[in-house]
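In my numbering, the protein residues as written are 3 to 85.
Glycine is no exception: its CB is placed at the ideal position from the N, C-alpha and C atoms.
All figures in this text were calculated on a predicted structure; none of them were measured in a lab.
Below you'll find the structure, written out as structure tokens, and then a few comments.
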Amino acid sequence: MAFLEVKGIEKKFGSTEVLKGIDFELEKGQVLTIIGSSGSGKTTLLRCLNYLETADQGTVRLEDKIIFDGAAAKAVKQSEIAQ
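Here it is in structure tokens:
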């Protein structure tokens, strides 16, 4: 199982789709580079992963724990992630 697994992350601002089904997996120790033109959603993705924005859909799993589930519109508290 991946250390970090992101599946189907979507985010809209009004009628503008900023993130459209973002998927990736990282194993512990791997490095991921996010590149793209200005306005392509790089910062929005990072903000969603850091709970500064809430994604509209998708899931984020850290090790064996789902920390965000867009279907349930539920994010795990940061104090629970630290455990």
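In the DSSP assignment, find the alpha helix (DSSP H) that holds residue i and state where it starts and stops.
i: residue 51; result: 44 to 51
Would you grab the beta carbon distance between residue i and residue j for me? Rounded to a whole angstrom, and I think it's under 8 Å.
i: residue 65; j: residue 5; result: 6 Å
i: residue 57; j: residue 43; result: At roughly 11 Å, the Cβ-Cβ gap does not stay under 8 Å, so residue 57 and residue 43 are not in contact.
i: residue 21; j: residue 9; result: Going by Cβ atoms, the distance from residue 21 to residue 9 rounds to 12 Å, so no, they are not a contact pair.
When you compare only the Cα positions, how much space is there between residue i and residue j?
i: residue 62; j: residue 46; result: 15 Å
i: residue 32; j: residue 18; result: 32 Å
i: residue 11; j: residue 24; result: 5 Å
i: residue 28; j: residue 60; result: 16 Å
I'd like the span of the beta strand (DSSP E) that includes residue i, first residue to last.
i: residue 32; result: Here residue 32 belongs to no beta strand (DSSP E), and DSSP marks it neither H nor E.
i: residue 65; result: First-last for residue 65: undefined, no H or E at that position.
i: residue 54; result: Careful: residue 54 lies outside any beta strand (DSSP E) and carries neither H nor E.
i: residue 15; result: 6 to 15
Three-pair Cβ contact test at 8 Å for the stretch 53 to 62 versus the stretch 33 to 42: Using a C-beta cut-off of 8 Å, the stretch 53 to 62 makes no contact with the stretch 33 to 42, since fewer than three inter-stretch Cβ pairs fall below that distance.
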